[in-house]
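Residue numbers (the numbering used here), protein chains in the order written: chain A, 590 to 703; chain B, 2 to 111. No residue lacks a Cβ here, since even glycine has one placed at the ideal position from N, Cα and C. So the structure is just underneath, and the comments pick up after that.
Quick look at the structure:
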């Protein structure tokens with residue numbers, strides 16, 4: 590069966606510090622990978638998605654970046670965090686061939702920038 | 002660009018009552034999805050609607066899709082407290098991008 594791992598679960602970082610959130614998927618190959626952010630009490634904002642190694646599509650221009658160094662690994666980074674980067678970050682995957690028609694989400698990272 | 006809107010944003014209802022959450026989307030969406038999120042938790046898939054007229058039911062929840070009206074509904078029958086959560090709909094325009102609505106925060110009162 591497929592599983593998605595996302596860590597850390599909670600992170601408190603000072604403004605201006607770097608960020609690295611990691612997500613890995615097991616039990617499948619060639620997944621589509623996604624990063625979403627959810628501000629407190631708000632909906633989900635698509636940040637990045639990837640349909641293959643090294644292929645990253647950015648939806649929101651800001652101080653975040655994403656990389657996909659391996660087929661089942663997706664990393665969200667920032668060189669300098671802003672207060673507005675606080676939120677709940679969710680990694681997700683879907684099948685490339687779309688035979689199973691939904692997103693599978695990780696458990697999320699609650700990021701607080703102080 | 003696909004946009005997804007939900008209403009209401011907040012819903013407080015008594016146990017045993019029925020209600021419907023609406024999800025409108027702006028352009029063609031190949032599929033329509035419903036998710037549930039409990040406070041502080043991740044999202045759990047509820048329904049995937051693949052074609053016009055699709056109807057799916059699980060327990061007290063029933064979802065339907067009208068692609069001509071670009072509308073999906075999530076109907077709650079005889080609500081119970083355990084259904085209290087935030088419900089999201091999401092569309093997929095066929096470009097691997099899943100766009101979510103703003104969510105409906107449901108509170109079922111005893």
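Residue(s) in a DSSP beta bridge with residue i
{"i": "residue 592 of chain A", "result": "A/615"}
{"i": "residue 93 of chain B", "result": "B/32 and B/99"}
{"i": "residue 57 of chain B", "result": "B/64"}
{"i": "residue 698 of chain A", "result": "A/678"}
{"i": "residue 76 of chain B", "result": "B/21 and B/63"}
Distance between residue j and residue i (C-alpha atoms, nearest Å)
{"i": "residue 596 of chain A", "j": "residue 698 of chain A", "result": "6 Å"}
{"i": "residue 626 of chain A", "j": "residue 79 of chain B", "result": "33 Å"}
{"i": "residue 48 of chain B", "j": "residue 660 of chain A", "result": "28 Å"}
{"i": "residue 22 of chain B", "j": "residue 76 of chain B", "result": "6 Å"}
{"i": "residue 2 of chain B", "j": "residue 33 of chain B", "result": "15 Å"}
{"i": "residue 29 of chain B", "j": "residue 99 of chain B", "result": "13 Å"}
{"i": "residue 84 of chain B", "j": "residue 38 of chain B", "result": "10 Å"}
{"i": "residue 612 of chain A", "j": "residue 593 of chain A", "result": "7 Å"}
{"i": "residue 677 of chain A", "j": "residue 631 of chain A", "result": "10 Å"}
{"i": "residue 643 of chain A", "j": "residue 618 of chain A", "result": "15 Å"}
{"i": "residue 35 of chain B", "j": "residue 27 of chain B", "result": "17 Å"}
{"i": "residue 31 of chain B", "j": "residue 645 of chain A", "result": "22 Å"}
{"i": "residue 96 of chain B", "j": "residue 616 of chain A", "result": "24 Å"}
{"i": "residue 639 of chain A", "j": "residue 649 of chain A", "result": "14 Å"}
{"i": "residue 684 of chain A", "j": "residue 54 of chain B", "result": "24 Å"}
{"i": "residue 40 of chain B", "j": "residue 103 of chain B", "result": "15 Å"}
7 Å Cβ shell around residue i - same chain, five flanking residues per side excluded
{"i": "residue 702 of chain A", "result": "602, 604, 670, 671, 672, 674 and 675"}
{"i": "residue 647 of chain A", "result": "637"}
{"i": "residue 101 of chain B", "result": "5, 89 and 91"}
{"i": "residue 25 of chain B", "result": "6, 71 and 72"}
Own chain partners of residue i with C-beta closer than 6 Å, once the 5 adjacent residues on each side are dropped
{"i": "residue 665 of chain A", "result": "610, 624 and 655"}
{"i": "residue 599 of chain A", "result": "699"}
{"i": "residue 65 of chain B", "result": "56 and 74"}
{"i": "residue 668 of chain A", "result": "607"}
{"i": "residue 19 of chain B", "result": "78"}
{"i": "residue 13 of chain B", "result": "108"}
{"i": "residue 110 of chain B", "result": "15"}
{"i": "residue 11 of chain B", "result": "106"}
{"i": "residue 17 of chain B", "result": "79"}
{"i": "residue 692 of chain A", "result": "681 and 683"}
Interface flag, residue i vs chain D, CB-CB below 8 Å
{"i": "residue 103 of chain B", "result": "Of the chains in the structure shown, none is chain D; the protein chains are A and B."}
Residues of its chain near residue i, where Cβ-Cβ distance is below 8 Å and the 5 sequence neighbours each way are ignored
{"i": "residue 657 of chain A", "result": "622, 639, 641, 642, 643, 644, 645, 663 and 664"}
Exercise. Going along the chain, which residues of the stretch 591-624 of chain A sit with their C-beta nearer than 9 Å to a C-beta in chain B?
Worked result: Taking a C-beta cut-off of 9 Å against chain B, the contacting residues of the stretch 591-624 of chain A are 595, 621 and 623, listed in chain order.
Exercise. At a Cβ cut of 8 Å, what residues of the stretch 682-701 of chain A count as close to chain B, listed as they run along the chain?
Worked result: So the list reads 683, 690, 691, 692, 693, 694, 695, 696, 697 and 699, given in the order they occur along the chain.
Problem set entry | At least three beta-carbon pairs within less than 8 Å, the stretch 72-89 of chain B to the stretch 44-62 of chain B | The stretch 72-89 of chain B is in contact with the stretch 44-62 of chain B.
For this session: Determine which residues of the stretch 29-53 of chain B have a Cβ less than 7 Å from any Cβ of chain A, and write them out in chain order.
Result: The stretch 29-53 of chain B vs chain A, Cβ under 7 Å: 32, 34, 43, 44, 46, 49 and 51.
Exercise. Of the residues that make up the stretch 634-659 of chain A, which ones have a beta carbon closer than 7 Å to any beta carbon in chain B?
Worked result: Those would be 635, 638 and 640, in chain order.
For this session: Identify each residue in the stretch 662-680 of chain A for which the Cβ-Cβ distance to at least one residue of chain B is less than 9 Å, and report them in chain order.
Result: For the stretch 662-680 of chain A, the beta-carbon criterion of a distance under 9 Å to any beta-carbon of chain B is satisfied by 677 and 679.
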